[in-house]
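Novice: Dropping a structure here in structure tokens format, bear with me for questions.
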Amino acid sequence: MKQINVEKKERSLKYFLIAISFIIIMLWVSIYYLQTHNINQVYNAEQANGYLYLEMINDIIQSNLYSQDIIESLFFERAEMLIHLLMERNDVAVIDSLREKMLIHHICTIDKENNITYSIPGDCPTHINIEDLPLTKEFMLLELEDNPDFVFMVTFRVGQWFVATIKKDDYLSLVRPILLAVVFEKLSSQISTVAGNTLPQVEYVVIQDKKGILAATSNVTKMARISSDKFLEENLANETTSSRETTYNGNPALEVVRPFYFEDEKPGLLRLGISLESIYSLKTNRIILFIIYSVIFLGILLMEFLFYRNHIKARKMVETLQQSKHLASIGELGREVSHEIKNPLNAISMTLQRLREERKTLTEEEINKYLSVTFTEIDRLNSIIEKFLSFSRPILPKLKKVNVHTLLEDIVLIFHEESKKKDVEITLRGDRELFWILDRDLIRQVLINLLKNALEAFNGDTDAKKVSLSFHEKRDSILIIEIKDNGKGISKNIEDSVWALYVSTKAEGNGLGLPISKKIIDAHGGSIEISSNKEQGTIVIILLPNKDKV
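Going by the numbering used here, the residue at position 299 of the sequence shown is 508; the numbering climbs one at a time, nothing skipped.
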């Protein structure tokens, strides 16, 4: 069906493209959101595992640090080394240098008479009652009430006691890193065993105080000092467990940090680094997918835009072409009208000229005859001009609800007398209660023209002359009006051009009736079609949309 519901279809197309665009954008946003949500979930899981893992590491360290056997054995090994140097080499300079490095305050020997026989440097800080000392080569760790600032390590060798003293504060600072190193060696093996199974990929574990690293996994060579890192300083001051994103050896890492306690002191921080390679791999994939989907979605949106733009452009081109054809038709019509009006003008001119020349000799009856011819030509001229105006000006239907049966019945009555004279039977079929939204006068003009053509299609000797008018409503709110005759019909070569101007099969026709009828139907958003066979008759079908349902 031609030109029916053009505006509705364009509006539907526009809404459809908008809906598709909206769905594409929502799909685009949803994919990005799901990717981001997945990354956040993985990140949060890594962070939670990091917190739990750091607590586990802290528990392992704390349980080992407070083992007295570890503390004593580590310190006694170093004291044993000093005694060995004293007994074997008695090199005061070497012993004194090593003593300072190990933070040992004094090293001295006491004989069985309780006399100090050797002391580096100077005198021992306190006197020890030898009666309280065992005669054993095993080291004993003593803390004396009269001198609580020192720790004493005592052993009996070659008939004398060897005593090493160390300030308690120095003792703690000396023992702490040694203990941490041993504990960390155990911890590293546990990390390598457990981390590969349920825990995150550990990049490093570091224990450090304000001076530097106390202990760390073997891959750590240097770390930022606490004093140079605001995050570490705040964490140490607030005694909280926190996390941040950082880099380690050029790779992204999630660092979890908590204060580290040793003998009720808070000397530093415990830092755990977890690899974020998997997270960044997901982020990279998200960016790649985002770019791919962006290209695809933007391509689809661009195709939609180009399709809609080309559709609008094509429609405008069709409208322009139709307008050009219309203007060309008007121009051609103007030339035809100028030709058509010459005949009545010439007739009027000649009649008036004769009246002027012969008015004195003409009878009243002859004058009336000439005047009658003049008026007839004037009416003919007026008809030509009216048809020209009807075709050239735009048609704006005045739509109202009309009873279709009543409309067609009135038209049949108009041609009742003419049909009787030509012995043509006119029949009308259709629903008497069918109403339609249309311009009654314009559609009436079309139907009168078509019925007039149908009556003029019969030859004088044709038997059983019939013209039938029928109408019905289709399911998609379309009114179908059919005008059928069994007249002489028209040839196929003319059938294709009957809607063009000046094409007529009648000697007296001007070729304007059908073009004007088509223009009226087009103005209603409908279509009109003609089908004819020579000597078999013609069928004209009009399709009209119901404007209150469009």
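Yeah, the Cβ is synthetic: ideal placement off N, Cα and C, and Gly gets one too. Small disclaimer: the values here were computed from a predicted structure and weren't measured.
Per DSSP, which one or two residues make a beta bridge with Ala666?
Specialist: Counting from one through the sequence shown, the residue named residue 666 turns up at place 457. Listed as beta-bridge partners of Ala666 by DSSP are no residues whatsoever.
Novice: Enumerate in chain order the residues of its own chain whose CB-to-CB distance from Leu291 is below 8 Å, with the five nearest sequence positions on each side excluded.
Specialist: Residue 291 sits at position 82 when you count from the first residue of the sequence shown. Cβ within range, chain order: Ile304, Leu307, Arg308, Met311, Ile313, Ile316, Ala373.
Novice: Among residues of its own chain, excluding the 5 on either side of Arg518, which ones have a beta-carbon nearer than 7 Å to its beta-carbon?
Specialist: For the purposes of this step, residue 518 is taken as the residue at position 309 of the sequence shown. Counting only Cβ-Cβ distances below 7 Å, and skipping sequence neighbours, we find nothing.
Novice: Considering Asp418, what are the terminal residues of the beta strand (DSSP E) in which it resides?
Specialist: Within the sequence shown, numbered from 1, the residue matching residue 418 stands at position 209. Looking at the DSSP string, the run of the beta strand (DSSP E) that includes Asp418 is 411-418.
Novice: Within 10 angstroms of the Cβ of Glu242, are there 16 or more other Cβ atoms? Answer buried if so, exposed if not.
Specialist: As a position in the sequence shown, residue 242 is number 33, starting the count at 1. Here residue 242 turns out to be Tyr, not Glu, going by the sequence shown. It is exposed - the Cβ of Tyr242 has fewer than 16 other Cβ atoms within 10 Å.
Novice: Identify whether Glu642 lies in helix, strand or coil by the three-state DSSP scheme.
Specialist: What you label residue 642 is simply residue 433 of the sequence shown in a count that begins at 1. DSSP places Glu642 in coil when its eight states are reduced to three.
Novice: For His315, which residues does DSSP report across the bridge?
Specialist: Against the sequence shown, residue 315 aligns to sequence position 106. Beta-bridge pairing links His315 to Thr374.
Novice: Thinking just about the alpha-carbon of each residue, which of Asn742, Ile729, Gln745, Lys743 is nearest to the one in Ile751?
Specialist: For this step, residue 751 is matched to residue 542 along the sequence shown. If we check each option's Cα against that of Ile751, Ile729 comes out closest.
Novice: What residue from Phe359, Met559, Leu344 has the CA that sits closest to Trp370's CA?
Specialist: Here residue 370 is taken as the residue at index 161 of the sequence shown, counted from 1. Nearest C-alpha to Trp370: Leu344.
Novice: Can you look up Arg434 in the DSSP assignment and give me helix, strand or coil?
Specialist: Counting from one through the sequence shown, the residue named residue 434 turns up at place 225. Correct three-state label for Arg434: coil.
Novice: Using only CA atoms, which one of Thr318, Glu322, Asn324, Thr326 lies nearest to Phe361?
Specialist: Taking the first residue of the sequence shown as 1, we reach residue 361 at position 152. Checked all of Thr318, Glu322, Asn324, Thr326; the closest Cα to Phe361 is Thr318.
Novice: Apply the 10 Å Cβ neighbour rule to Leu768 and answer buried if 16 or more other Cβ atoms are within range, or exposed otherwise.
Specialist: The first residue shown for the chain is 210 and the last is 759, placing residue 768 beyond what the model contains.
Novice: Would you call the stretch 453-462 and the stretch 222-240 touching, i.e. three or more CB-CB distances under 8 Å?
Specialist: no
Novice: Below 9 Å between beta carbons: does that hold for Leu481 and Asn444?
Specialist: Residue 481 sits at position 272 when you count from the first residue of the sequence shown. Residue 444 sits at position 235 when you count from the first residue of the sequence shown. Not in contact: Leu481 and Asn444 (Cβ atoms no closer than 9 Å).
Novice: The beta strand (DSSP E) that contains Thr747, what's its start and end?
Specialist: Within the sequence shown, residue 747 is the residue found at index 538, counting from 1. 746-754 is the extent of the beta strand (DSSP E) around Thr747.
Novice: Among the residues of its own chain, which have a CB less than 7 Å from the CB of Phe499, if the five just before and after it don't count?
Specialist: For the purposes of this step, residue 499 is identified with residue 290 of the sequence shown, where counting begins at 1. Taking Phe499 as the centre and dropping the five residues before and after it, the same chain places the C-beta of Tyr241 closer than 7 Å to its C-beta, in chain order.
Novice: My understanding is that Leu637 touches Glu665, with C-beta atoms under 8 Å, so please give their C-beta distance in whole angstroms.
Specialist: Position 428 of the sequence shown holds residue 637. Position 456 of the sequence shown holds residue 665. Between Glu665 and Leu637 the Cβ distance is about 19 Å, and since that is not below 8 Å, they are no contact.
Novice: Within this structure, are the beta carbons of Ile203 and Leu608 separated by less than 9 Å?
Specialist: No answer is possible for residue 203: it lies beyond the span of the chain, which begins at 210 and ends at 759.
Novice: Comparing alpha-carbon positions, which option in Ala446, Lys431, Met512, Arg287 lies nearest Ile227?
Specialist: For the purposes of this step, residue 227 is taken as residue 18 along the sequence shown, with counting starting at 1. It is Met512.
Novice: Spatial neighbours of Pro553 within its chain, please: C-beta separation below 8 Å, excluding the five flanking residues on both sides.
Specialist: For the purposes of this step, residue 553 is taken as residue 344 along the sequence shown, with counting starting at 1. Within the same chain, Pro553 has close Cβ partners Glu586, Ile587, Arg589, Leu590, Ile593.
Novice: Assess, as a yes-or-no matter, whether the stretch 254-266 is touched by the stretch 523-534 under the definition of 3 or more beta carbon pairs within less than 8 Å.
Specialist: no
Novice: May I ask which residues mark the beginning and end of the alpha helix (DSSP H) holding Thr455?
Specialist: Position 246 of the sequence shown holds residue 455. Careful: Thr455 lies outside any alpha helix (DSSP H), inside the beta strand (DSSP E) at 451-457.
Novice: Helix, strand or coil: how does DSSP classify Gly482 here?
Specialist: Within the sequence shown, numbered from 1, the residue matching residue 482 stands at position 273. Strand.
Novice: Assuming Val688 and Asn755 are in contact, meaning their beta carbons sit under 8 Å apart, how far apart are those beta carbons, in whole angstroms?
Specialist: By 1-based counting over the sequence shown, the position of residue 688 is 479. By 1-based counting over the sequence shown, the position of residue 755 is 546. The residue you asked about is not Val; residue 688 is Leu in the sequence shown. That belief holds up - the Cβ atoms of Leu688 and Asn755 are roughly 7 Å apart, short of 8 Å.
Novice: Using C-beta distances below 7 Å, list every residue in its chain close to Lys376, excluding the 5 sequence neighbours before and after it, in chain order.
Specialist: Here residue 376 is taken as the residue at index 167 of the sequence shown, counted from 1. Cβ neighbours of Lys376 beyond the five flanking positions: His314, Asp358, Phe359.
Novice: Just to confirm my understanding: we take Gln410, look at its own chain, exclude 5 residues before and 5 after, and list those with CB closer than 8 Å. What are they?
Specialist: Residue mapping note: residue 410 aligns to position 201 of the sequence shown, counting from 1. Closer than 8 Å at Cβ, skipping near neighbours: Ala404, Ile483, Ser484, Glu486, Ser487.
Novice: By the DSSP assignment, the alpha helix (DSSP H) with Ser700 in it spans what residues?
Specialist: One-based indexing of the sequence shown puts residue 700 at position 491. Looking at the DSSP string, Ser700 is not in any alpha helix (DSSP H), and its letter there is neither H nor E.
Novice: Whose CA, out of Asn458, Thr449, Thr456, Tyr457, lies closest to the CA of Phe469?
Specialist: Taking the sequence shown and counting its residues from 1, the one referred to as residue 469 is at position 260. Checked all of Asn458, Thr449, Thr456, Tyr457; the closest Cα to Phe469 is Thr449.
Novice: Looking at the secondary structure, which residues open and close the beta strand (DSSP E) in which Ala425 lies?
Specialist: One-based indexing of the sequence shown puts residue 425 at position 216. If you look at Ala425, you'll find it in the beta strand (DSSP E) that goes 422-425.
Novice: Which same chain residues end up closer than 6 Å to Leu723 when comparing Cβ atoms and leaving out the 5 residues on each side of it in sequence?
Specialist: The residue labelled residue 723 in the question sits at position 514 within the sequence shown. Counting only Cβ-Cβ distances below 6 Å, and skipping sequence neighbours, we find Val707, Trp708.
Novice: If we count the other Cβ atoms within 10 Å of its Cβ and call it buried at 16 or more, is Asn555 buried or exposed?
Specialist: As a working mapping, residue 555 is identified with position 346 in the sequence shown. Exposed is the call here.
Novice: Determine the direct distance from the alpha carbon of Glu412 to that of Thr426, and round the result to whole angstroms.
Specialist: Stepping through the sequence shown from its first residue, residue 426 is reached at position 217. Stepping through the sequence shown from its first residue, residue 412 is reached at position 203. Pairing Thr426 with Glu412, the inter-Cα distance amounts to about 9 Å.
Novice: Thinking just about the alpha-carbon of each residue, which of Ser677, Glu642, Lys610, Leu647 is nearest to the one in Ser628?
Specialist: Numbered from its first residue, the sequence shown carries residue 628 at position 419. Here the closest residue by C-alpha is Ser677.
Novice: So, helix, strand or coil for Leu571, using DSSP?
Specialist: Mapped onto the sequence shown, residue 571 falls at position 362. DSSP places Leu571 in coil when its eight states are reduced to three.
Novice: Is His614 closer than 9 Å to Phe667 when the C-beta atoms are compared?
Specialist: Within the sequence shown, numbered from 1, the residue matching residue 667 stands at position 458. Within the sequence shown, numbered from 1, the residue matching residue 614 stands at position 405. No.
Novice: For Ile227, name the three-state secondary structure that DSSP assigns.
Specialist: Start at 1 with the first residue of the sequence shown, and residue 227 comes out as number 18. Helix, per DSSP.
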